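Below you'll find the structure, written out as structure tokens, and then a few comments.
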Amino acid sequence: MGYIEGHDRNQPVLFPESIDDYITEDNSVRVIDEYVEQLDLVKLGFTKAVCAGTGRPSYNPKDLLKLYLYGYLNRIRSSRRLEHEAIRNIEVIWLLKKLRPDFKTIADFRKDNKPALKGVFRDFNKLCDEWSLFGKELVAIDGSKFRACNSKRNNYNASKLQKHIKHIDKKIEDYMRELDAGDTAEASDRKPDIKEIKKRLQELRHRKEKYQNYQKDLEKRGKNEISTTDPDARLMCNNNNNVDVSYNVQTTVDAKHNLIAGFKISNKPNDLGELDNMALRAKKLFGGKDFEALADKGYYKAQDLKKCVENGITPYVTKQVYSNGTGDKDFYTERFKYNKERNLYVCPGNQELYYYKKRTSKGKVIGYDYRNFNVCNECNFKSRCTKSEKGRSIYRHIDQDFLDTIDLQTELNKDKYRLRQMIVEHPFGTIKRGWGAYYFLTKRKISVNIPSRKNTLTGGVEQLNRRS
Ligand code: SF4
Numbered sequence: 001m002g003y004i005e006g007h008d009r010n011q012p013v014l015f016p017e018s019i020d021d022y023i024t025e026d027n028s029v030r031v032i033d034e035y036v037e038q039l040d041l042v043k044l045g046f047t048k049a050v051c052a053g054t055g056r057p058s059y060n061p062k063d064l065l066k067l068y069l070y071g072y073l074n075r076i077r078s079s080r081r082l083e084h085e086a087i088r089n090i091e092v093i094w095l096l097k098k099l100r101p102d103f104k105t106i107a108d109f110r111k112d113n114k115p116a117l118k119g120v121f122r123d124f125n126k127l128c129d130e131w132s133l134f135g136k137e138l139v140a141i142d143g144s145k146f147r148a149c150n151s152k153r154n155n156y157n158a159s160k161l162q163k164h165i166k167h168i169d170k171k172i173e174d175y176m177r178e179l180d181a182g183d184t185a186e187a188s189d190r191k192p193d194i195k196e197i198k199k200r201l202q203e204l205r206h207r208k209e210k211y212q213n214y215q216k217d218l219e220k221r222g223k224n225e226i227s228t229t230d231p232d233a234r235l236m237c238n239n240n241n242n243v244d245v246s247y248n249v250q251t252t253v254d255a256k257h258n259l260i261a262g263f264k265i266s267n268k269p270n271d272l273g274e275l276d277n278m279a280l281r282a283k284k285l286f287g288g289k290d291f292e293a294l295a296d297k298g299y300y301k302a303q304d305l306k307k308c309v310e311n312g313i314t315p316y317v318t319k320q321v322y323s324n325g326t327g328d329k330d331f332y333t334e335r336f337k338y339n340k341e342r343n344l345y346v347c348p349g350n351q352e353l354y355y356y357k358k359r360t361s362k363g364k365v366i367g368y369d370y371r372n373f374n375v376c377n378e379c380n381f382k383s384r385c386t387k388s389e390k391g392r393s394i395y396r397h398i399d400q401d402f403l404d405t406i407d408l409q410t411e412l413n414k415d416k417y418r419l420r421q422m423i424v425e426h427p428f429g430t431i432k433r434g435w436g437a438y439y440f441l442t443k444r445k446i447s448v449n450i451p452s453r454k455n456t457l458t459g460g461v462e463q464l465n466r467r468s
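Quick note: the sequence shown, position 197, residue 197 per this note's numbering, numbers continuous.
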């Protein structure tokens, strides 16, 4: 019995097959082709969207856009690899009708069309909206760290710079000592060569100067750190507790089909202060419709929650639980009960803590402090309750009554809140795990915005394909 044999490569055929025969009716390249064909690239602001009357004809931006979208759908992000695919991949050959743009053309297309690509993202979101793919009732908001084009070695803070300079100073001292010793030694005994030492000294002095310039730059700009390859990226802790120079990608994901309704690139390592911003962007996309928003405790900020409520967005956000310093959960702040009529707190030791003073920040009242040090000093639980010698103080936020209503609302909708991770982690899972796109290929905030937008866009296309 022989093996299953393929066709003879040299067999002539009477009626040659067309490239279209190789592309099945449900192939996702057909979706990309249809989608890009109906776009108005002139309106979207693509360069070369109108043919030049003279000179060498350029590639149609529609073809290059198709290639880019195909690349993101198929984990091919590098322009050199896309160039290669246009030669060997039958889907790309079909999509580009045998065109073979080189990597420079592909890279330039992306570089020259940043705002236009942003427009494509918006257009696709509108299309999803027209197809009723956004439920507009429930969204989840969260951020995820994506590695920037900047190694940890090229990220400095004041203490790291100080350490480097100290190390260089020591090395310089060592070399100077060797030079002195070399001066007195016989030429044949000199080890290493004087010329070599002088060369190394020069290098060290250059490096020291570079670090000193970074120090000056940090002081001048009042920043904590400097990233030398991508100045906008920052050192951040990721989900696996590793530290990397990254960007924080914020997304709002609609619960109906786990489609990203909006995103933002931030270089802040935490999510605090992003809730209202992200929710209001989604509200704009949803045509002003009221909806519910789920977010974790990293977004728990009274001001943002208030803004959401004022704009018809119902937030379900878990509260921040503050430790008491001793780690004894029986004495966490949430165990202190507030008595509104009497304006005092009753502690777990059943003692009353009274209003003490207002707490301010930049001249503005942000809350109130409650305490009763006399009873604390007599209390048997003091070592479990606080590490402070004087006794325990409780801070009440100026908007605590409002925060209490949010806490109650979240508690009553626990089942809904539990959906948060499933909704918001879905696109991140597709982008990071599925496509391996956990890092950016471009530098600066303005540029990293674009690939993510395409990630979002293609994420939507992929999900549409799976469904169709
Ligand atoms: S230390 Fe003070 S606040 Fe804490 S339980 Fe005792 S009395 Fe209450």
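Just so it is clear, CB atoms sit at the ideal spot from N, CA and C, and this is done for glycine as well. All values reported here derive from a predicted model rather than from experimental measurement.
Query	Result
Is any heavy atom in the ligand SF4 found nearer than 7 Å to the beta carbon of L344?	no
Run the CB neighbour count on H257, radius 10 Å, all protein chains shown included, and call it buried at 16 or more, exposed below.	buried
Can you tell me where the beta strand (DSSP E) holding I406 begins and where it ends?	It is not in any beta strand (DSSP E) - I406 instead sits in the alpha helix (DSSP H) that spans 400 to 412.
Confirm the yes/no value for this check: CB of I391, any heavy atom of the ligand SF4, distance under 7 Å.	Note that residue 391 corresponds to Gly in the displayed sequence, not to Ile. Under cutoff, so the answer is yes.
From this set, I168, N242, K297, L133, which residue's C-alpha is nearest K210's C-alpha?	I168
Closest to I265 by C-alpha separation, out of D174, L408, A148, would be which residue?	A148
Could you tell me if the beta carbon of G349 falls within a distance shorter than 7 Å of some heavy atom in the ligand SF4?	yes
Ignoring anything shorter than 3 residues or poking outside the segment 409 to 441, list the beta strand (DSSP E) runs there in chain order.	none
Identify the continuous alpha helix (DSSP H) that holds V309 and give its terminal residues.	302 to 310
Based on the DSSP secondary-structure assignment, which residues constitute the bridge partners of Q250?	G143, K264
Using the Cα positions of P101 and D63, report the straight-line distance between them to the nearest angstrom.	9 Å
Could you have a look at K364 and say whether DSSP puts it in helix, strand or coil?	strand
Per DSSP, what are the beta-bridge partners of L294 in this structure?	A140, Y316
With three or more beta-carbon pairs closer than 8 Å as the criterion, would you say the segment 220 to 234 touches the segment 404 to 424?	no
From Y332 to A293, what does the alpha carbon distance come to, in whole angstroms?	27 Å
What's the gap between the Cα of K145 and the Cα of L117?	22 Å
Please work out which residues of its chain come closer than 6 Å, Cβ to Cβ, to T252, disregarding the five sequence neighbours upstream and downstream, and give them in chain order.	V139, I141, A261, G262, M278, A282
Taking one C-beta from the segment 295 to 303 and one from the segment 312 to 322 each time, how about it: are there three or more such pairs within less than 8 Å?	yes
Under 8 Å, do C539 and N339 count as touching if we go by C-beta distance?	Lying outside 1 to 468, the shown extent of the chain, residue 539 is not represented and no answer is given.
On the DSSP letters alone, give me the boundaries of the alpha helix (DSSP H) that I394 sits inside.	Segment 393 to 397 is the beta strand (DSSP E) holding I394; no alpha helix (DSSP H) there.
Check whether the Cβ atoms of I165 and Q212 sit closer than 8 Å, and answer yes or no.	yes
How would you label F15, buried or exposed, when you count the other beta carbons within 10 angstroms and need 16 or more for buried?	exposed
So, is A52 buried or exposed, given that buried needs 16 or more other C-beta atoms within 10 angstroms?	exposed
Quick check: does the Cβ of K337 come within less than 7 Å of any heavy atom belonging to the ligand SF4?	no
Are the beta-carbon atoms belonging to D232 and N238 less than 8 Å from one another?	no
By how many angstroms is the C-alpha of Y22 removed from the C-alpha of V424?	36 Å
Is the distance from the Cβ of L44 to the Cβ of G119 below 8 Å?	yes
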